[in-house]
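Below is one structure, written out as C-alpha cells, with a few remarks after it.
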Amino acid sequence: YKMLTLTNIQKTFAPGTVNEKKALCGIDLHLEAGDFVTVLGSNGAGKSTLFGAIAGSFRPDTGTVVLDGQDITNLPPEPPPSLVFLMIRRPPRSTLFPYTTLFRSMTIAENLALAYLRAGHGRSPFSTITKKDRAEFRDRLAALELGLEDRMNHPVGLLSGGQRQALTLLMATLVTPKLLLLDEHTAALDPATAEKVLELTKKIVAENHITCLMITHNVPSALVLGNRTVMMKDGRIVLELAGAQRANMTPEDLLKAFHVESDRMLFSAE
Numbered sequence: 024y025k026m027l028t029l030t031n032i033q034k035t036f037a038p039g040t041v042n043e044k045k046a047l048c049g050i051d052l053h054l055e056a057g058d059f060v061t062v063l064g065s066n067g068a069g070k071s072t073l074f075g076a077i078a079g080s081f082r083p084d085t086g087t088v089v090l091d092g093q094d095i096t097n098l099p100p101e102p103p104p105s106l107v108f109l110m111i112r113r114p115p116r117s118t119l120f121p122y123t124t125l126f127r128s129m130t131i132a133e134n135l136a137l138a139y140l141r142a143g144h145g146r147s148p149f150s151t152i153t154k155k156d157r158a159e160f161r162d163r164l165a166a167l168e169l170g171l172e173d174r175m176n177h178p179v180g181l182l183s184g185g186q187r188q189a190l191t192l193l194m195a196t197l198v199t200p201k202l203l204l205l206d207e208h209t210a211a212l213d214p215a216t217a218e219k220v221l222e223l224t225k226k227i228v229a230e231n232h233i234t235c236l237m238i239t240h241n242v243p244s245a246l247v248l249g250n251r252t253v254m255m256k257d258g259r260i261v262l263e264l265a266g267a268q269r270a271n272m273t274p275e276d277l278l279k280a281f282h283v284e285s286d287r288m289l290f291s292a293e
C-alpha cells in the first residue's frame, strides 16, 4: 500500500521580489510501504526543499503530503519522530528536530533513552528506562559492530563522526518511523566511514522494513542502494527508475540523459 503520496507540491520563495525562486514545481511522487528511494540532482534542484516540505519545515504553496493515509501537509515544525525522522549531514547537529539531536555532553545511553522516550507511542518523556530497555539498547548497539555497546556510559562528544552518524541512525529507528529521510547523511565523513554508514543504513532500513528517501550526490550508489531512484532538476522530478530499467542504467548513461556531464560532483564520493 502507499506509505507516502505527494500531489502537486509547489513552493516559491520570496515571490514577487527580485529574489523569487521557484523551488518546487508541481511534484507528484508516491512511495509504497518499504520503498527505499534514492534522490539525485545537482545543487539547487530542489532535493532538500522537497524534504523540508515532507518534514513540515514549511508549508507548500499548493499540494498535499499524505503519510500512511494521514494528511500531514500542515504538520507542526517539529513533528513526532515516530512519523517522520529527518537526518541531515551537518555536524554536530545530525538531525533537524531538537529532541533527536545528539547531545555531546550526554552519554550514549542517555541519548538513546531520550530518543526512545520521545519517539515512543503514548510514553511520557519523563518516563524511566528499564533494565530491559537498556539491554535492548546494548543489543542494538552491538549490531552496529562499532564497539559502542561497551561505551554506553561514554559522552557522545568523544565519538568519531562516523560513530555519531551511526548512533543517530540507530536513534532514528529505535521506534520505527513511518518515513526516514536521509539528506546526504554521509557527506561529512571520509570515504571508508561513509561506506560503513551506508551499509548500516541499508541493513537497518531492510531489517525494519522502513520506507526511506535518501538524497545523495553519488550516482553509482544511487543506482544500487534501495529499489528506486528519482532524478530532480529545476524543482521537478525528471526521471524515475525502477526494476530492469534501473538495473540496466549506468552512471554515464544517466548523466548523458540529462546533459550534466560537466557536473563532476555527481561522481564524487559522499
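As numbered in this note's numbering, residues 24 to 293 make up the sequence shown, in order. Quick reminder that beta carbons are idealized off the backbone N, C-alpha and C, glycines included. From a predicted model like this one, the values you see are computed outputs, not experimental measurements.
- Taking the C-beta atoms as reference points, T35 is found nearer than 8 Å to A46.
- Counting only runs of at least 4 residues, the region 140-186 fully encloses the following alpha helix (DSSP H) elements, listed from N- to C-terminal order: 154-166.
- Judged by their CB atoms, I238 and P200 are not nearer to each other than the 8 Å cut-off.
- The bridge partners DSSP lists for K219 come to none.
- Contact annotation, L190 with L236: C-beta distance approximately 21 Å; criterion of less than 8 Å not satisfied.
- The shortest C-alpha to C-alpha distance from Y139 to any of K226, L246, G180 and I152 is the one to I152.
- The three-state secondary structure of M237, taken from DSSP, is strand.
- Close CB contacts of M272 within its chain, under the 7 Å cut and outside five residues either way in sequence, are with L246 and L264 (chain order).
- Looking from the CA of S80, the closest CA among G86, Q93 and N97 belongs to N97.
- Using a 10 angstroms sphere on the CB of A76, the tally of other CB atoms reaches 16 or more, which defines it as buried.
- Annotated three-state conformation of I95 is coil, per DSSP.
- For N271, the three-state secondary structure derived from DSSP is coil.
- In the three-state reduction of the DSSP assignment, A68 falls in the coil class, being assigned neither a helical nor a strand state.
- Its Cα nearest to that of G49, the residue T30 stands out among T30, Q188 and G249.
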